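A short worksheet on the structure shown next.
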Amino acid sequence: MQSDSQVHIHRKDAAEIVLSSCTEYHYVDGSCKTMDESMGKYFKGAISKTAARCVALAYRSHEIENVPKDEGSLAEWVIRE
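Using full-length UniProt numbering, the letters of the sequence shown map in sequence onto residues 1 to 81.
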């Protein structure tokens, strides 16, 4: 996803790994809320109750001028936490 000045960088991984770097989450009403300790525990509990492998998808917005343009630089790019 791209706007005039930002892009969304998407990540798919094991849910507990994605959760460990989340600072916000989307609430059921579509609003974005800060990830506090109690919600982190809530999500960890939900993940641990799942018998199957749980995968999560997350995104972070970045200023477009900070995103590498060529494949070589993109492959070596480290996204800040």
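Ideal Cβ placement from N, Cα and C applies to all residues, glycine included.
Here the structure is a predicted model, which means the values were calculated and not measured.
Drop a sphere of 10 angstroms on the beta-carbon of L74, count the other beta-carbons inside from all chains shown, and report buried for 16 or more, exposed for fewer. exposed
Quick check on V55: does DSSP put it in helix, strand or coil? strand
Element boundaries [alpha helix (DSSP H), containing K44]: E37 to S48
Inspect the CB distances between the region 45–58 and the region 17–31 and report whether three or more fall short of 8 Å. yes
Please report the distance separating the alpha-carbon of E71 from that of A15. 28 Å
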